[in-house]
Amino acid sequence: MPAVARSEPFRGQGPCPLGICDGSGWILDDADDEARPCECREARLRRGRNRGVASVIPRKFQGVSFEPAHLRRRARRRLLPLLL
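Here's what the structure looks like:
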């Protein structure tokens with residue numbers, strides 16, 4: 001998988017889902033020569049971060065705890081009365 005420049009985090013994700021920007025996550029204003037973030041930018045960044053983690057951790061290990069089983073059982077015994 002080729003590296004993606006930090007300036008192009010949405011390359012390959014298609015056009016803006018809101019139809020506001022050109023798909024880059026930025027709205028370019030030629031009048032004052034500035035760029036401001038599009039409303040889609042934060043959601044697209046979040047989706048990319050989540051996808052990045054999911055692609056690194058094998059599916060069978062996603063959601064697995066690293067705590068030993070006896071600690072999980074102890075925590076369950078302590079919390080169960082509080083939940084009932």
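Residue 3 in this note's numbering sits at position 3 of the sequence shown, with consecutive numbering throughout.
Just so it is clear, CB atoms sit at the ideal spot from N, CA and C, and this is done for glycine as well.
Measuring alpha carbon to alpha carbon, tell me which of the options ends up nearest residue i.
i: arginine 46; options: Gly25, Leu80, Glu34; result: Gly25
To which residues of the same chain is residue i closer than 8 Å at the C-beta, ignoring the five residues directly before and after it?
i: glycine 23; result: Phe10, Gln13, Gly14, Pro15, Cys16
i: proline 37; result: Gly25, Trp26, Ile27
i: isoleucine 20; result: Ile27, Cys38, Glu39, Cys40
On the DSSP bridge assignment, give the partners of residue i in chain order.
i: arginine 28; result: Before going on, a small fix: residue 28 reads as leucine here, not arginine. Paired residue(s): Ala35.
Can you find the residues in the same chain that come closer than 6 Å, C-beta to C-beta, to residue i, ignoring five residues on each side of it along the sequence?
i: arginine 59; result: none
Assess, as a yes-or-no matter, whether the stretch 34-45 is touched by the stretch 59-79 under the definition of 3 or more beta carbon pairs within less than 8 Å.
-> no
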